[in-house]
Amino acid sequence: MKKIFLIAFLLISILINVKAQSKKEIYLFAYFKSNGEDGLHLAYSKDAYQWKALKNDQSFLTPIVSKDKLMRDPCIIRGADGLFHMVWTVSWKDKGIGYASSKDLITWSTQQFLPVMEKEAGTRNTWAPEITYDGKTKTYMIYWASTIEGKFLETASKEEDGYNHRIYFVTTKDFKSFSDTKLLYEPGFNVIDASIVKNDNKFVMFLKDETREPAQKNIKIAYSDNLVGPYTKASAPITGNYWAEGPTAVKVNNQWMVYFDKYREHKYGAIISPDLNMWTDVSDKIALPKGLRHGTILSIKEKELKKLIAQ
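Heads up, this note's numbering is the position in the sequence shown plus 1267, with the first residue counted as 1.
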């Protein structure tokens, strides 16, 4: 009897362990290399620290929209409709962004050019777009950084070609019709690379203070009760004494983990926090594919990873 009980106990333990393993998060890093000419690159990790490039670090999707045909700063989210939705920077100087969707991250819809800044006279660029979903309103918000000539002159600088960004946005429920473009965040300084996640009942915006004189070039945080704002004043820097950009955040074992590009040092950094206040640098614990540049992290399923590995 004892032997039967022991066997049953062992079988139950194995089943519980298998179930737990099947639910374990798999993280996917969507990124670009070089100037973004060859398109979308993907890497995966099972612990969010050690990453391995997929498809021998070859492109999964070649960019075809806009005159420059680039695919920089890719942002992918899993939508409420089950599809993966992606936006990206198509050009250094265009007035729109790229968009495509996929069921499996392998076969993508026809790439579209979304002219989100075409009505804004004097727009110089449309950089680093991202998507965040609001479950309460069932709405997606697409947001990016743009410089509009003649605006926010109080923070204008002649450095770095005179770029002076603010964060703008549109909303959509179906990626077919879009709201008018509006200003999302004006923190009183040159700001780019916004990335918004939900934390409990608040939306958390990670952002880069792009101020050149005196140089900031660091990552800060702002908060809002609503996805479309208003957002609070930016926090003190959460990154260290180096230039950082392109933050992307993911929750790992009940801790927030923020990856960012230490672009002057040509390497990536990462910090973790249990509460978004106290941060610990874990840059020496991460390993990423060589040449990985600005992107975003999302979670995928084991069966989805197997299909990607088979490519």
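We put the CB at the ideal spot given by N, CA and C, even for glycine.
Rounded separation between residue i and residue j - CA only
i: LEU1420; j: VAL1357; result: 27 Å
i: LYS1267; j: ASP1528; result: With the chain covering 1268 to 1578 only, the question about residue 1267 has no answer from this structure.
i: ASN1323; j: HIS1308; result: 10 Å
i: GLU1387; j: VAL1458; result: 18 Å
i: LYS1418; j: ASP1371; result: 41 Å
i: PHE1605; j: ALA1501; result: Missing from the structure shown is residue 1605; the chain here goes from 1268 to 1578 and no further.
i: GLU1512; j: ALA1503; result: 15 Å
i: ILE1293; j: ALA1482; result: 37 Å
i: ALA1461; j: PHE1473; result: 6 Å
i: THR1515; j: MET1408; result: 16 Å
i: SER1376; j: ILE1564; result: 21 Å
i: ALA1489; j: LEU1321; result: 34 Å
i: ALA1315; j: VAL1519; result: 7 Å
i: LYS1568; j: ILE1505; result: 31 Å
i: VAL1517; j: GLU1385; result: 33 Å
i: MET1338; j: GLY1562; result: 11 Å
i: LYS1552; j: TYR1526; result: 12 Å
i: PHE1442; j: TYR1509; result: 37 Å
i: LEU1575; j: LYS1313; result: 14 Å
i: SER1491; j: THR1499; result: 6 Å
i: VAL1464; j: ALA1367; result: 21 Å
i: ILE1373; j: LEU1328; result: 8 Å
i: ASP1348; j: ILE1398; result: 14 Å
i: TRP1411; j: GLY1303; result: 17 Å
i: VAL1471; j: TRP1546; result: 15 Å
i: PRO1556; j: TYR1311; result: 10 Å
i: LEU1494; j: ASP1428; result: 31 Å
i: HIS1432; j: LYS1319; result: 34 Å
i: SER1550; j: LYS1334; result: 37 Å
Residue i CB to nearest heavy atom of the ligand ATP below 7 Å
i: ASN1544; result: This structure simply doesn't include the ligand ATP, nor any ligand for that matter.
CB contact flag (residue i, residue j, <8 Å)
i: ILE1344; j: TYR1400; result: yes
i: PRO1396; j: TRP1355; result: yes
i: ARG1531; j: TYR1298; result: no
i: ASN1468; j: LEU1543; result: no
i: VAL1383; j: VAL1332; result: no
With 16 other Cβ atoms within 10 Å as the buried cut-off, status of residue i
i: LYS1405; result: exposed
i: GLU1571; result: buried
i: GLN1378; result: buried
i: PRO1341; result: buried
i: ASP1476; result: buried
i: ASN1485; result: buried
i: SER1301; result: exposed
i: MET1353; result: buried
i: LYS1487; result: buried
i: THR1422; result: buried
i: GLN1288; result: Interpretation of GLN1288 is limited by its pLDDT of 43, a score under 50 that renders its predicted location unreliable; no figure is taken from the coordinates.
i: LYS1577; result: Residue 1577 is actually Ala in this sequence, not Lys. By the 10 Å Cβ count, ALA1577 comes out exposed.
i: GLY1389; result: exposed
i: PRO1454; result: buried
i: THR1393; result: buried
i: MET1524; result: buried
i: THR1448; result: buried
i: LYS1573; result: exposed
i: SER1444; result: exposed
Same chain, Cβ closer than 6 Å to residue i, five either side skipped, listed in chain order
i: LYS1424; result: Correcting the residue type first, residue 1424 is Ser in the shown sequence and not Lys. Within the same chain, SER1424 has close Cβ partners ARG1479, GLU1480.
i: GLY1558; result: LYS1300
i: GLN1522; result: ILE1539, PRO1541
Nearest-angstrom Cβ-Cβ length linking residue i and residue j, presumed shorter than 8 Å
i: GLY1496; j: LEU1451; result: 6 Å
i: GLY1363; j: PRO1330; result: With 8 Å as the limit, GLY1363 and PRO1330 do not qualify as a contact, their Cβ atoms being about 13 Å apart.
i: LEU1381; j: SER1369; result: Contact doesn't hold; Cβ gap of about 17 Å is too wide.
Min CB distance residue i to chain C below 8 Å
i: ASN1323; result: In summary, chain C is missing from the structure at hand, where a single protein chain is found.
Close Cβ partners of residue i (< 7 Å) along its chain, the five nearest in sequence each way excluded
i: GLN1317; result: ALA1554
i: SER1326; result: ASP1305, GLY1306, LEU1307, HIS1308
i: LYS1336; result: PRO1330
Contact set for residue i: own chain, Cβ-Cβ below 8 Å, skip 5 residues either direction
i: ASP1548; result: GLY1507, GLY1536, ALA1537, ILE1538
i: GLU1426; result: ARG1479, GLU1480
i: ARG1391; result: LYS1360, SER1413, THR1414, ILE1415, GLU1416, TYR1430
i: LYS1440; result: LYS1405, THR1406, TYR1407
i: SER1446; result: VAL1437, THR1438, THR1439
i: SER1566; result: GLU1292, ILE1293, TYR1294, LEU1295, ARG1345, VAL1517
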